[in-house]
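All remarks here apply to the structure that follows.
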Amino acid sequence: MNDNPTWQVARLDDIERRGRSIPVREHLGIHAFGINAFTPGEDGLLINEHDESGSRQEELYIVLDGKASFEVDGETFDAPAGTFVFVRPEARRKATGDGTILALGGVTGEAYQAIDWGEAWSFHSESLLAYGEQRYADALEAVRGGLERMPDNGGLHFNYACFATLAGETGDETFGHLKRSVELFPPFREQARADDDLAAVRDDPRFEEALR
Numbered sequence: 107m108n109d110n111p112t113w114q115v116a117r118l119d120d121i122e123r124r125g126r127s128i129p130v131r132e133h134l135g136i137h138a139f140g141i142n143a144f145t146p147g148e149d150g151l152l153i154n155e156h157d158e159s160g161s162r163q164e165e166l167y168i169v170l171d172g173k174a175s176f177e178v179d180g181e182t183f184d185a186p187a188g189t190f191v192f193v194r195p196e197a198r199r200k201a202t203g204d205g206t207i208l209a210l211g212g213v214t215g216e217a218y219q220a221i222d223w224g225e226a227w228s229f230h231s232e233s234l235l236a237y238g239e240q241r242y243a244d245a246l247e248a249v250r251g252g253l254e255r256m257p258d259n260g261g262l263h264f265n266y267a268c269f270a271t272l273a274g275e276t277g278d279e280t281f282g283h284l285k286r287s288v289e290l291f292p293p294f295r296e297q298a299r300a301d302d303d304l305a306a307v308r309d310d311p312r313f314e315e316a317l318r
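Just remember that the working numbering sits 106 ahead of the position in the sequence shown, which is counted from 1.
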């Protein structure tokens with residue numbers, strides 16, 4: 107990769123893999139927009155089922171090689187290499203296949219802001235695996251381990267609040283982590299108000315207090 111500070115070149119194979127994720131944005135130091143690539147897991151999963159209602163982020167998926175099958179709002183279609191799939195925030199989406207997908211995202215009318223996971227990635231990845239299997243207590247434990255090492259990672263604090271809520275731990279500590287996440291990364295304020303993981307505590311007076 108070129109070391110010139112005004113431009114860089116990298117191949118996918120140059121970028122250290124994080125499981126099936128290829129952190130293009132962090133590798134190149136991009137801050138203007140979100141961009142990452144994904145390869146399939148053993149079960150063929152490329153993009154896990156989700157929506158972006160919480161983040162309000164529009165996403166564009168590009169199938170770089172191989173082929174994929176997308177399901178968007180219950181409609182399934184094939185996506186061979188060279189296919190572009192544009193998805194608005196509220197749409198539920200997932201993808202499976204044997205190819206590589208490049209994902210780009212951003213919020214309409216807002217400057218892009220993102221968290222660099224860096225050394226926190228292993229804890230984040232472990233927690234998301236448990237979260238996807240609805241093992242919320244295990245997801246929370248992984249986040250706790252990450253915060254012991256990186257106490258100022260806003261993403262870990264936000265995930266702590268989400269996973270703790272799902273695990274039924276809704277004491278002051280949970281709201282403390284939510285508050286800290288917003289202090290470290292202000293976009294979490296609006297994301298918290300829309301994230302379904304926090305639905306159980308949204309009517310609690312401590313919720314809005316944490317977002318001030």
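Beta carbons are placed, not taken as given, at the ideal position from N, Cα and C, and that holds for glycine.
Note that the structure is predicted; figures quoted are calculated from it, not measured.
Item, Value
"Leaving out five residues before and five after Cys-268 in sequence, what residues of the same chain have Cβ atoms less than 7 Å from its Cβ?", "Asp-301, Asp-303, Leu-304"
"In terms of DSSP beta bridges, what is Leu-166 paired with?", "Phe-192, Leu-210"
"Compare the Cα-Cα distances from Phe-139 to each of Phe-294, Gln-219, Arg-241, Ala-197 and report the closest residue.", "Gln-219"
"Just checking my contact of His-230 with Gly-252 at CB under 8 Å: how many whole Å lie between their CB atoms?", "7 Å"
"May I have a chain-ordered list of the beta strand (DSSP E) segments no shorter than 3 residues that lie completely inside the segment 119-167?", "140-144, 151-156"
"Which whole-angstrom value is the C-beta distance of Phe-264 and Ser-287, which I expect to be below 8 Å?", "4 Å"
"Which word fits Lys-173, buried or exposed, when buried means at least 16 other C-beta atoms lie within 10 angstroms of its C-beta?", "exposed"
"In this structure, does DSSP put Met-107 in helix, strand or coil?", "The predicted model places Met-107 with a pLDDT of 48, which falls under 50 and marks its position as unreliable, so this point remains unresolved."
"For Gly-271, which of Pro-293, Arg-308, Glu-254, Val-169 has the nearest alpha-carbon?", "One point to set straight first is that residue 271 is Thr, not Gly, in the sequence displayed. Nearest option by C-alpha distance: Arg-308."
"Which class does Pro-186 belong to by DSSP, given the choice of helix, strand or coil?", "strand"
"Identify every run of the beta strand (DSSP E) within the segment 218-265, keeping only runs that are complete inside it and at least 3 residues long; order them along the chain.", "none"
"For Asp-309, does the three-state DSSP call read helix, strand or coil?", "coil"
"Taking Ala-116 as part of the alpha helix (DSSP H), name the residues at either end of that continuous run.", "It is not in any alpha helix (DSSP H) - Ala-116 carries neither H nor E in the DSSP assignment."
"Does the segment 164-172 come close enough to the segment 192-199 to have 3 or more Cβ pairs within less than 8 Å?", "yes"
"Is Thr-202 helix, strand or coil by DSSP?", "strand"
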